[in-house]
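Asks:
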Amino acid sequence: MKRLRISLTAQIFLGLILGAAFGCFFPDFGSQLKPLGDAFIRMIKMIVVPLIFSTLVIGIAGTGDFKKLGRLGGKAIIWFEVASALALIVGLVVVNVLQPGVGVSLPAIGAAAGANAAATAQSFSISMHLLNIIPANIVEACVKSDMLQIIFFTCFFGVALAHIGEKGKIVVECCRGIAEAMFKVTHYVMMFAPIGIFAMISYTVGTFGLEMLIPLGKLVFSLYFAIIIFLCILAFIASMITKLNFWHIFKVLREPLLLGYSTASSEAALPLAMKCLEKLGLPKQVVTFVMPTGYSFNLDGSTLYSSLAVIFLAQMYDIEFSITQQIIMLLTLMISTKGIAGVPGASIIVIAGTAASFGIPTEGIAIILGVDRIMDMARTFCNIFGNCIATVVVGLWERDIKREEIVHAYKNNFNKQEKA
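According to numbering that gives the first Met the number 0, the sequence shown is numbered sequentially starting from 0.
1) Which two residues bound the contiguous alpha helix (DSSP H) that contains Phe25?
2) Tell me whether the stretch 48-63 and the stretch 187-197 touch, counting them as touching only if at least three CB pairs, one residue from each stretch, are closer than 8 Å.
3) So, under 8 Å CB-CB, Ala389 and Ala75 are touching, yes? Tell me the CB distance rounded to an integer number of Å.
4) Mapping DSSP to helix, strand and coil, what is Met190?
5) Can you name the start and end residues of the alpha helix (DSSP H) that Ser295 belongs to?
6) Answer with buried or exposed for Glu254, where buried requires no fewer than 16 other C-beta atoms within 10 angstroms of its C-beta.
7) Using CA coordinates, which residue listed in Ser30, Leu68, Val142, Val391 is at the minimum distance from Asn244?
8) Counting Cβ pairs, one atom from each stretch, are 3 or more of them under 8 Å apart for the stretch 138-158 and the stretch 13-33?
9) Just to confirm my understanding: we take Leu329, look at its own chain, exclude 5 residues before and 5 after, and list those with CB closer than 6 Å. What are they?
10) Leu281 to Lys401, Cα distance in whole Å?
11) Looking at Met146 and Pro291, is the spacing between their C-beta atoms short of 7 Å?
12) Quick one: any contact between the stretch 9-28 and the stretch 196-205, if contact means 3 or more CB pairs under 8 Å?
13) Sort Ile326, Gly36, Phe25 by Cα distance to Thr353 and report the nearest one.
14) In the DSSP assignment, the alpha helix (DSSP H) including Leu32 goes from what residue to what residue?
15) So with Cβ pairs under 7 Å, would you call Val101 a contact of chain C?
16) Leaving out the 5 sequence neighbours to the left and right, which residues in its chain are closer than 8 Å to Val89 when beta-carbon positions are compared?
17) Any idea what DSSP makes of Val101, helix, strand or coil?
18) Identify whether Tyr260 lies in helix, strand or coil by the three-state DSSP scheme.
19) Are Gly259 and Thr379 closer than 7 Å when you measure CB to CB?
20) Does DSSP put Phe39 in a helix, in a strand, or in coil?
21) Compare the beta carbon distance of Ala351 and Ile364 with 7 Å and say whether it is the shorter of the two.
22) Return yes when the Cβ of Val289 is within less than 7 Å of the Cβ of Glu277, no when it is not.
23) Please find out if some non-hydrogen atom of the ligand NAP comes closer than 6 Å to the beta-carbon of Lys274.
24) Tell me the start and end of each unbroken alpha helix (DSSP H) in the stretch 216-270 that is at least 4 residues and wholly inside, in chain order.
25) Between Val81 and Cys141, what straight-line distance do the alpha-carbon atoms span, to the nearest angstrom?
26) Whole angstroms are fine: how far does the CA of Thr262 sit from the CA of Ile373?
27) How about Ser306 and Leu97: are their beta carbons less than 7 Å apart?
28) Rounded to whole angstroms, what is the Cα-Cα separation between Asn95 and Leu222?
29) When the Cα of Val138 is compared with those of Phe249, His162, Val48, Leu68, which residue comes out closest?
30) Leaving out five residues before and five after Phe12 in sequence, what residues of the same chain have Cβ atoms less than 8 Å from its Cβ?
31) Buried or exposed for Cys275, please, with buried defined as at least 16 other CB atoms from any protein chain shown within 10 angstroms of its CB.
32) Where does Asn411 land, buried or exposed, given buried means 16+ other C-beta within 10 angstroms?
33) What is the DSSP secondary structure of Lys166, reduced to helix, strand or coil?
34) Does the distance from the CB of Gly293 to the CB of Asn386 come in under 7 Å?
35) Do Thr241 and Leu395 have their beta-carbon atoms positioned less than 7 Å apart in this structure?
Quick look at the structure:
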């Protein structure tokens, strides 16, 4: 008798649904499950740094080509900027059409939250964050999981290994073994994914309740709608450039995407997303460079949300925001949303700083924080899928792989699994 096997995607989705139901009907128990969810996230995060370091060293030392690395980075940045501009425009159009802030009343409490965010925003400096890319202590960067600093150091380290010849090959082989071990650890940790997601969703619903969506339902709907529109347009543009069917790419990535959405953590989905892209045939050096870099410079969901939230605040306070002001705001956000992934509450800080600079009261941020968790899930989903699209586009643009090879890998590695 053949055993019934439930795919990991189905298990994660089941954990999501059951967790929401458990938190709704048993809120007291659900709100106490946070440590179990946090334990799962911690297990995922312990994989990220050694995985990124080892795979990036293999990719760079394998080529030893600094020109290739610079070319790869340049193409990635071009795509990131195009995607960010598109995300800002989509967010702006949707918030102007749907006007989710009209008729929303500001709560009497919570003004301190907006004031604190504004104060933090005033200390925000683009030049300091650019300087912060260079690690003063690589061990400290690893402890903080600062991806940009880790990538910066690893790029130099990988090129140095390539230039010292035979002695460097020993270290590269060691990194190869570490990478294989980390992918195996990822497999073990993912066995706990349904339980961790069940606990996290139970905690969220049990603590905040489903009723938190009612007053700000239009804002939540506007963000989800804008993200769907944005990803469809981005996938269409990528399909036109690469001649690939990105619906197939989406199906390949459904497990890391669902994992990222459920946990609202991009880091949780990173190892699994990288593994899926490599199984599609994308070169390791492309995946290990573009994906982590994108986590700092290509936060499409967070970027879209920033433009939408600033206009939402203006609508809530009935402040007239001209087209000229909105265009200036877009240019401001194009700069301020780059390289701040490691900043706690980065989106709120950017929103507060931008709103304050245009004379919009920041106290309204308090009402946004009430549903931020629900919106963060959508932002994370968008960030992950946007970076995966970027990796595929840059990989083909760099001509490290052909379109036919990706199609062949999809049919062999994924299409058969779906039919099985």
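Every residue, glycine too, gets a C-beta built ideally from N, C-alpha and C.
Replies: From the atom records:
1) No alpha helix (DSSP H) contains Phe25, which DSSP labels as neither H nor E.
2) no
3) 7 Å
4) coil
5) 283-296
6) buried
7) Val391
8) no
9) Leu87
10) 9 Å
11) yes
12) Yes: the two stretches touch, three or more of their Cβ pairs being nearer than 8 Å.
13) Here the closest residue by C-alpha is Ile326.
14) No alpha helix (DSSP H) contains Leu32, which DSSP labels as neither H nor E.
15) In the structure shown, chain C does not exist; there is a single protein chain.
16) Ala225, Ile228, Phe229, Ile232, Leu303.
17) coil
18) helix
19) yes
20) helix
21) yes
22) With respect to Val289, Glu277 sits apart: the two C-beta atoms are not nearer than 7 Å.
23) By its list of ligands, the structure shown contains no ligand whatsoever, and the ligand NAP lies outside what it can speak to.
24) 216-241, 245-251, 253-262
25) 30 Å
26) 11 Å
27) no
28) 12 Å
29) Val48
30) Leu257
31) buried
32) exposed
33) Three-state result, Lys166: helix.
34) yes
35) yes
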